[in-house]
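Residue numbers (the working numbering), protein chains in the order written: chain D, 215 to 468; chain C, 246 to 670.
Ideal Cβ positions, reconstructed from N, Cα and C, are used throughout, including at glycine.
Quantities reported herein were computed from a predicted structural model and do not represent experimental measurements.
Everything on this sheet refers to the single structure shown next.
Shown next as structure tokens:
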């Protein structure tokens, strides 16, 4: 019962959550209607960037930090309730929220496709799957940060780190091109950060049989992308659960 | 007991996750950017038949016209309108990105004429001063065959992305890289430009280059071509999409005739060779890693005549030149001529495979860093890395001669002038 309550709470935690969902759906519609993307990939990239990353940051802002800061967490975590479950159910709540959002996105784009047959929605399912996987990874990282950062600073920090980090890493990779450190840097960005690049390639069909990109014609590559994304989500989550379980909470507001 | 059981379950779950992740990282780590011997395609007769049908269809056609949209790495797309007519007529109109300016190339056998709608763009062989003084009301009239129109366009740099499918297939009935095909295999069927196509994958130069052709079942000609060139740090991918393909349609000869409007003057673009270090100038010294990992310093060869040759695996001319240099090395080593190969483009494993297969025994620099590229681009004046680039350096460290490609006359003369060996090609 408590699991259900915790999952449900993520939907109604803050009033702006519904505004965020509706805003994104409106943005998809306006984007589709006005900009007429030339390719599915353009649309997919937009969805991926838009909801996989930013929606996750919006929905997970202060997901645990609010409760810790207000002392409410002591009410939520009472014996025999394992503290880690609080993290787990909150994250599942976020994940389900994203799944519903993406299903609605699929329906919306499907309807728009019927109304304006000027584009193709081929491969949309894969884009939505990739978006959901990215959302899960970012949400897990954000929720873990929320354990140690008060209020909504987890999302804010992640956003700043994501943008600044990506720019910095790319600049360093250009500067270190051909040097020994560049390989490690690339590997770090590619495999330790939320798998933005890998999932974009996966969704864009880069690993598909007739991709117009490098294309390896490999099903195992696509499976590996999904597996890595899931494992990374688990690792982010495990760190968060570990941190949460080790913390002593006070009923006093921080 | 319960606790222990839980611990065991967690250990098993963690171990399984680690194993699965190691597998995923292995698969993802063996990225497309990394060349592997497994990329060399094995020959499939059915795929070879489709490839030969494409060559035959192009060769049998009297005229061929199509529109092609090319997109390459880090650049916008180039759009081409190609018209080819036997025996030797060609017209290619191209635009870059969103630009409405059109570059047109017409050829009638021996000459190619290039002209622009409005001012000409900045080309590979340009500098700001030259571009400014020759920007308006000019055309280029140069020697060149219709079959080589794609090479000439690439040499001038008039398009962002090069044509992958060369018109030489239409005129000569041969793919210029055909002798270097490792194998061809089928890649199923797929739709391209609204037509059902057979997809074949062709690997060249031991998979240094891979092309995928989407061949229409209707006329066996491409509707899409994708080329991957595997370089040191990256893959250069060019995709070419064909539309409005017409075979044997009537094309008037007038389409291939062009005379300059009044007020237009012929502009002769500089040769690439004009930018190379001039004889008498000092050859910039360098210390760069060899293909086997040791350091090679140019100044260590000061008491010998040095033939410095920049090469890359994916150029048939370079491969030929390397074979020639190896035979020369066998005859002249320890006789005052040092041959030094330099490769600043290729993936280490690809270059090593070539050197091993060809039993190249003279030293070769292999360095794809920005520094090495800058050294040869700015220090030695290399504007293009297509084909071999040769520098003969005297014992005093000064350039004796420098040239692009294989020139059977210049090498012996340059070596003799440098006080080196008498060599015959």
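Segment limits, beta strand (DSSP E) that includes residue i
| i | result |
| --- | --- |
| residue 456/C | 454-461 |
| residue 590/C | Careful: residue 590/C lies outside any beta strand (DSSP E) and carries neither H nor E. |
| residue 631/C | Counting along the chain, residue 631/C falls outside any beta strand (DSSP E), and DSSP gives it neither H nor E. |
| residue 430/C | 426-437 |
| residue 443/C | 440-449 |
| residue 644/C | 644-649 |
| residue 348/C | 348-352 |
Beta bridge counterpart(s) of residue i as assigned by DSSP
| i | result |
| --- | --- |
| residue 330/C | 308/C, 334/C |
| residue 487/C | 313/C |
| residue 386/C | 358/C |
| residue 231/D | For residue 231/D, which the question treats as bridged, DSSP gives no partner whatsoever. |
| residue 541/C | 533/C |
| residue 467/C | 460/C |
| residue 475/C | 480/C |
| residue 324/C | 314/C, 340/C |
| residue 638/C | 551/C, 644/C |
| residue 527/C | 643/C |
| residue 583/C | 551/C |
| residue 510/C | 383/C |
| residue 492/C | 309/C |
Where the alpha helix (DSSP H) through residue i begins and ends
| i | result |
| --- | --- |
| residue 250/C | 247-274 |
| residue 625/C | First-last for residue 625/C: undefined, no H or E at that position. |
| residue 411/D | 410-417 |
| residue 272/D | 270-273 |
| residue 656/C | 655-662 |
| residue 610/C | It is not in any alpha helix (DSSP H) - residue 610/C instead sits in the beta strand (DSSP E) that spans 609-611. |
| residue 619/C | 615-619 |
| residue 446/D | 433-460 |
| residue 576/C | 561-577 |
| residue 279/D | 279-284 |
| residue 687/C | Examination of residue 687/C is not possible in this model, given that chain C is present from 246 through 670 alone. |
| residue 289/D | 287-290 |
| residue 223/D | 216-226 |
| residue 392/C | It is not in any alpha helix (DSSP H) - residue 392/C carries neither H nor E in the DSSP assignment. |
| residue 414/C | 413-417 |
Buried or exposed (CB count within 10 angstroms, at least 16 for buried), residue i
| i | result |
| --- | --- |
| residue 628/C | buried |
| residue 261/D | buried |
| residue 514/C | buried |
| residue 408/D | buried |
| residue 518/C | exposed |
| residue 229/D | exposed |
| residue 365/C | buried |
| residue 211/D | Nothing about residue 211/D can be read from this structure; chain D reaches only from 215 to 468. |
| residue 220/D | buried |
| residue 402/D | exposed |
| residue 717/C | In this structure chain C extends from 246 to 670, so residue 717/C is not present and cannot be described. |
| residue 226/D | exposed |
| residue 330/C | buried |
| residue 233/D | exposed |
| residue 257/C | exposed |
| residue 374/C | exposed |
| residue 663/C | buried |
| residue 619/C | exposed |
| residue 393/C | buried |
| residue 441/C | exposed |
| residue 587/C | buried |
| residue 368/D | buried |
| residue 451/C | buried |
>> So within the region 309-378 of chain D, which uninterrupted alpha helix (DSSP H) runs reach at least 4 residues, ignoring any that extend past its ends?
In response: 338-362
> In chain order, what residues of the region 320-353 of chain D put their CB closer than 9 Å to some CB of chain C?
Replying inline: none
>> Along the region 260-275 of chain C, where does the CB come closer than 9 Å to a CB of chain D? Name the residues.
In response: 262, 263, 265, 266, 268, 269, 270, 271, 272, 273, 274, 275
>> For a minimum of 4 consecutive residues, which ranges assigned as the alpha helix (DSSP H) are wholly contained in the region 279-308 of chain C?
In response: 290-305
> What are the residues of the region 403-415 of chain D that lie near chain C, defined by any Cβ-Cβ distance shorter than 8 Å?
Replying inline: 404, 405, 412
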